[in-house]
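Worksheet: one structure, shown below.
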């Protein structure tokens, strides 16, 4: 019992801290070390470790990433960003377009990818205007985080929740639609208020963008296959089976070297997920089954409002401490035994997603925007991010809690 608890705690500390004086690890590497330690130290046998890996989740992720990879190769996301920018004639409209456009793209095609591709396009368009790009960069990061709550394909933690809860693609989308739309409106309102003085100044020059060389045949194939996948999901098709079928079909019909798309698959994220499954199984086996069930079931006491508020507060802390994916994994063995598991899963999906906007380190999407911007000479300060991120998080969480609780009643 003690060994499993120590390995689990050490793994989560390394995931949270990542850099210590004597070791430099990222999250996938830290989770891999924890998974190997669980087996080497005898907490799990090797067959048990293999069995702990949820292949449905990994296959679903891989299938979605393959299609997104081909869309990225075809420059679909740059084209979509350029389309939004060309129609933004004022600072307020540009901010609105970035928040809503980034949110809607993220709802379907994973928020991290959207931020990775769109940030350089946004900075290139703003450069000649000699305006401070920070409000729009924050709009992209926060809009992508909030918008990703809309669908199962929006972010990795939603994928976990979708598969573990047994939710259908359409059911998840319909329940989260008011949560996401209201969240995007709140995000835009907070950013517009925080930067109201800067946004009052009209652009001195017309916003120009560099035309994107869209690979139209490739993009049309990718969007068509993704559309077929969505239809299949809406019809009740298996999330992982439909995803990997669409991904494999994309490889077959793309008529492009698959290496370019396969290289864009986030293999480190798949390693992170697979390793964490093993770490969590070791923790459950050695320590948690009786303990975590007893304490976890206590979260369900009280009214829906008390449950929603308490759970959301816990998820905000955990998501900003160890990241949202490990935070969600902690609940895997607890929620299925709760009386209203589907209600709790929706709260977990909402709160772990909206919590990513609290601090600059709260989500990978925000870090991607900050790193891409800093590489081009634009620094997003921790304090400036928090000045907007804290109210955005608190207000969107309040909206999410109210929407989910009232719709459940």
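Numbering (the working numbering), first residue to last: 10 to 418.
All C-beta atoms, glycine included, are put in the ideal place defined by N, C-alpha and C.
Asked                                                                                                                                             : Found
Threshold first: 4 residues or longer. Then list the alpha helix (DSSP H) segments lying entirely within the stretch 356-396, N to C.             : 373-383
So, are the CB atoms of residue 251 and residue 238 less than 8 Å apart?                                                                          : yes
Tell whether a beta-carbon distance below 8 Å holds between residue 285 and residue 40.                                                           : yes
For residue 337, which residues in the same chain have their Cβ closer than 7 Å to its Cβ, ignoring the five residues on either side in sequence? : 166, 169, 170, 357 and 361
Can you say whether residue 196 is buried or exposed, counting buried as having 16 or more other CB atoms within 10 angstroms of its CB?          : buried
Tell me, please, whether the stretch 364-375 touches the stretch 346-354 by the rule of three or more beta-carbon pairs shorter than 8 Å.         : no
Going by other Cβ atoms of all chains shown within 10 Å of its Cβ, with 16 needed for buried, is residue 253 buried or exposed?                   : buried
Measure the Cβ-Cβ separation of residue 386 and residue 188 and say whether it is below 8 Å.                                                      : no
Candidates 117, 135 and 124: which alpha carbon is nearest residue 161's?                                                                         : 117
Does the beta-carbon of residue 415 have 16 or more other beta-carbons within 10 angstroms, so that it is buried, or is it exposed?               : exposed
Provide the residue span of the alpha helix (DSSP H) that contains residue 124, from first to last.                                               : 120-135
When burial is assigned at 16 or more other CB atoms within 10 Å of the CB, is residue 391 buried or exposed?                                     : exposed
Out of curiosity, what's the CA-to-CA distance linking residue 121 and residue 373?                                                               : 7 Å
Exposed or buried, what is residue 275 when buried is set at 16 or more other beta-carbons lying within 10 Å of its beta-carbon?                  : buried
How would you call residue 20, buried or exposed, if buried means at least 16 neighbouring beta carbons within 10 angstroms?                      : buried
What are the complete beta strand (DSSP E) segments, minimum 3 residues, inside the stretch 252-298?                                              : none
What separation, rounded to the nearest whole angstrom, lies between the Cα atoms of residue 375 and residue 146?                                 : 9 Å
Tell me whether residue 306 sits in a helix, a strand or coil according to DSSP, three-state version.                                             : Low confidence applies here, because residue 306 scores a pLDDT of 47, under 50, leaving its location unreliable; read the following figure in that light. Looking at residue 306 - three-state DSSP - the assignment turns out to be helix.
Note down the Cα distance separating residue 76 from residue 222, rounded to an integer number of angstroms.                                      : 19 Å
Tell me the residue span of the alpha helix (DSSP H) that contains residue 199.                                                                   : 178-203
Rounded to the nearest angstrom, what separates residue 35 and residue 24 at their Cα positions?                                                  : 7 Å
What are the boundary residues of the alpha helix (DSSP H) that includes residue 330?                                                             : 313-331
Which one of 377, 389, 266 and 315 has the shortest CA to CA distance from residue 353?                                                           : 315
Answer with buried or exposed for residue 104, where buried requires no fewer than 16 other C-beta atoms within 10 angstroms of its C-beta.       : buried
In or out: residue 87 buried (at least 16 other Cβ within 10 Å) or exposed?                                                                       : buried
Quick one: Cα of residue 191 to Cα of residue 137, how far?                                                                                       : 33 Å
Which term fits residue 243, buried or exposed, when burial requires 16 or more other beta carbons within 10 angstroms of its beta carbon?        : exposed
For the alpha helix (DSSP H) holding residue 153, just list the boundary residues, first then last.                                               : 143-156
Where does residue 205 land, buried or exposed, given buried means 16+ other C-beta within 10 angstroms?                                          : exposed
Among 150, 101 and 112, whose alpha-carbon lies nearest the alpha-carbon of residue 128?                                                          : 150
Can you give me the C-alpha to C-alpha distance between residue 42 and residue 51, rounded to a whole angstrom?                                   : 14 Å
Taking 8 Å as the cut-off, does the stretch 264-274 touch the stretch 314-333 (at least 3 CB pairs, one atom from each stretch)?                  : no
My parser needs the alpha helix (DSSP H) runs of 4 or more residues fully inside the stretch 21-54; what are they?                                : 36-49
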